[in-house]
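Student: Per numbering that gives the first Met the number 0, the very first residue in the sequence shown carries number 0; after that it's consecutive.
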Amino acid sequence: MSISKIDQRKIFYMFPFGILIDGRRLRMLDLMCDSMKLIVLGSGTCVPSLNRNAPGYYLEAGDRRILLDCGSGTLLQLERAGKSYRDIDAVFITHTHPDHFADLMPLIHALRATPGFKRAKTLFIVAPSLFIEYYDRAIATVLGRPREFSIQRIRMPEEMDFRPFNVRAAKTVHSQDSIAYRFEYGGRAIVFTGDADYDKGIVDLSRDADLLIADCSFPDANKARGHLSARQCGLVAREAGVKKLLLSHIYPADTPDIDRVREGREEFGGEVVLAEDLMEISI
Ligand SMILES: [Zn+2]
Ligand SMILES: [Zn+2]
Numbered sequence: 000m001s002i003s004k005i006d007q008r009k010i011f012y013m014f015p016f017g018i019l020i021d022g023r024r025l026r027m028l029d030l031m032c033d034s035m036k037l038i039v040l041g042s043g044t045c046v047p048s049l050n051r052n053a054p055g056y057y058l059e060a061g062d063r064r065i066l067l068d069c070g071s072g073t074l075l076q077l078e079r080a081g082k083s084y085r086d087i088d089a090v091f092i093t094h095t096h097p098d099h100f101a102d103l104m105p106l107i108h109a110l111r112a113t114p115g116f117k118r119a120k121t122l123f124i125v126a127p128s129l130f131i132e133y134y135d136r137a138i139a140t141v142l143g144r145p146r147e148f149s150i151q152r153i154r155m156p157e158e159m160d161f162r163p164f165n166v167r168a169a170k171t172v173h174s175q176d177s178i179a180y181r182f183e184y185g186g187r188a189i190v191f192t193g194d195a196d197y198d199k200g201i202v203d204l205s206r207d208a209d210l211l212i213a214d215c216s217f218p219d220a221n222k223a224r225g226h227l228s229a230r231q232c233g234l235v236a237r238e239a240g241v242k243k244l245l246l247s248h249i250y251p252a253d254t255p256d257i258d259r260v261r262e263g264r265e266e267f268g269g270e271v272v273l274a275e276d277l278m279e280i281s282i
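1. Go ahead and label P218 buried or exposed: buried means 16 or more other beta carbons lie within 10 angstroms of its beta carbon, across all protein chains shown.
2. Given a cut-off of 8 angstroms on the beta-carbon distance, is the pair D253 and L273 in contact?
3. Closest to G43 by C-alpha separation, out of K36, A53, P156, would be which residue?
4. Is Y134 near R152, with beta carbons less than 8 angstroms apart?
5. For R187, list the residues DSSP reports as bridge partners.
6. Would DSSP call F148 helix, strand or coil?
7. Can you list, in chain order, the residues of its chain with a C-beta nearer than 8 angstroms to that of D176? Leave out the 5 residues immediately preceding and following it.
8. Under DSSP, the beta strand (DSSP E) around S281 begins and ends at which residues?
9. Three-state secondary structure (DSSP) at V271?
10. Flag C232 as yes when its Cβ comes closer than 7 angstroms to any non-hydrogen atom of ligand 1, and as no otherwise.
11. Across which residues does DSSP place K292 in a beta bridge pair?
12. Quick check: what's the CA-CA separation for L74 versus L106?
13. When burial is assigned at 16 or more other CB atoms within 10 Å of the CB, is L49 buried or exposed?
14. Please confirm whether any heavy atom of ligand 1 lies closer than 7 angstroms to the CB of P127.
15. Tell me whether A188 is buried or exposed, calling it buried when 16 or more other Cβ atoms sit within 10 Å of its Cβ.
16. Output the boundary residues of the beta strand (DSSP E) element that contains M159.
17. Do three or more CB pairs link the region 209-225 to the region 241-248 at distances below 8 angstroms?
18. To the nearest angstrom, report how far apart L211 and N221 are at their CA atoms.
19. Whole angstroms are fine: how far does the CA of A239 sit from the CA of R206?
20. Run the proximity test for S174: is its beta-carbon closer than 7 angstroms to any non-hydrogen atom belonging to ligand 2?
21. By the three-class DSSP mapping on this structure, what secondary structure does I87 have?
22. Can you check which of these residues, F116, G72, A119, is closest to V46 by C-alpha distance?
23. Can you tell me which of the three DSSP states V166 falls into?
24. Is V235 closer than 8 angstroms to Y197 when the C-beta atoms are compared?
25. According to DSSP, which residues form a beta bridge with D126?
26. Below 8 angstroms between beta carbons: does that hold for G269 and V241?
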């Protein structure tokens, strides 16, 4: 959804307290906002690949810069995308599987030890409870508490105001502590399933989202428990009424990756895109 600057001004004078677009009430402040920018840093999995890095996504809106998951290689991918680890405000982790968080320790180490760089702002780590416990046990004990800046750990509640985002989470059918996130900004929404199998919760969280980044681990013929197949990604997208479906978390398979787009389209009539590393999407 894009509204030109002139239109925004017109709308402001006509409806100072907000308007309804597509049935959603938008505050004027939201209408003035820029878009959310998403960069796929890793469209792959735990399987080492020269084409698909382990899971990691960069999300930017207003003055916030966030990592969604942070698998191994994420920091290098961030450099390749022309973004800097120095600017990251928060890391949102979906679950305690190493392909989704392995670069968190290197990130904190780099923030502390880059010559000539002094980090001042707080680093937020948002995650399910079990991951926070793991962090305290295994990561904080190695790194200690940085003196230069603070690290704030947040056990992700169902909903949280993380300005300028409103963030919601839902448990996923995958591992004991796995969750999916929904980021809302400027009247738009991006949902990231993390690792997830089909269930009603993921459909509800994805309701009317502008972009659904879905765990598309396998084609339908190789469907594995705890992960969506390509066809199921399409099913979630259709049932939730999302606008755009991005198939990611791609395990190697016998069939070409692009075949998953066809499978997704058999269920979902909207736009279906196969994620590639360093792909950028504005929402
Ligand atoms: Zn995974
Ligand atoms: Zn996993």
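Built from N, CA and C at the ideal position, the CB exists for glycine as well.
Tutor: Checking against the coordinates, here is how it stands:
1. buried
2. no
3. A53
4. yes
5. Y184
6. coil
7. H94, T95, P127, S128, L129, F130
8. 279-281
9. strand
10. no
11. No answer is possible for residue 292: it lies beyond the span of the chain, which begins at 0 and ends at 282.
12. 7 angstroms
13. exposed
14. no
15. buried
16. 158-161
17. yes
18. 22 angstroms
19. 4 angstroms
20. yes
21. coil
22. G72
23. strand
24. yes
25. In the sequence as displayed, the identity of residue 126 is Ala instead of Asp. R154.
26. yes
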